[in-house]
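A.B. asks: Following this message is one structure expressed as structure tokens.
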Amino acid sequence: MVSGRIRTFVPQTSIVGMLLEHAEDYTVVHSKQIGIAQHDPYSWEILGPDFVCLESVTAGCRVMDETVKAWVDDMSPEEREQFIDTFYDILSVTQAQTVSDLAHFSLKNARAIKQTLENTDPETKKMMTEAISKLLDAAKDSFHTLLPHKKASD
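Just so you know, we're using full-length UniProt numbering here: the sequence shown kicks off at 1 and counts up by one.
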């Protein structure tokens, strides 16, 4: 059986890896990078022949994971498809070829994205606005659920 021979690795603040909803166990590795740049395996720390492993992903990663799962669950398959297609079109104008390219965001890319958004039809703009609003609501709920809270008396 092949599945028993596959090992999955994710960086401590995994974004992409957690979206894949792993049913199998995964190993958390320490990355020297931050954000999406952590998905570059050349940024993963090694000690001798092994990766530097951690107990779990960060609290922020868990919040992000719960946020995205709740957000996706709140959208129909058609809404998800339209959002992803539009989001891909927007990111495509950056001409990024790698995750690292996306991490090195420039003013030129910001202008290109702004121009693309301005040229988007009103119906798609409305859909994107609603999807982002749902994402923010899911984030708020995840923060309240997963992160410790200070009492008003603290």
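For each residue, glycine too, the CB sits at the ideal point set by N, CA and C.
(1) For M75, collect the residues of the same chain with a Cβ closer than 8 Å to its Cβ; drop the 5 residues on either side in sequence, then sort them by chain order.
(2) Under a Cβ-count criterion, where at least 16 other Cβ atoms within 10 Å of its own Cβ denotes burial, should S14 be classed as buried or exposed?
(3) Go ahead and pull the three-state DSSP assignment for residue 155.
(4) Just to confirm my understanding: we take V72, look at its own chain, exclude 5 residues before and 5 after, and list those with CB closer than 7 Å. What are they?
(5) Run the CB neighbour count on A152, radius 10 Å, all protein chains shown included, and call it buried at 16 or more, exposed below.
C.D. replies: In this structure, then:
(1) Within the same chain, M75 has close Cβ partners F83, A131 and K134.
(2) Under this definition S14 is a buried residue.
(3) Outside the shown range of the chain, which is 1 to 154, sits residue 155, and nothing can be said about it.
(4) If we look at V72 and ignore the five residues flanking it on each side, its Cβ neighbours are R80.
(5) Low confidence applies here, because A152 scores a pLDDT of 49, under 50, leaving its location unreliable; read the following figure in that light. Per the 10 Å Cβ criterion, exposed.
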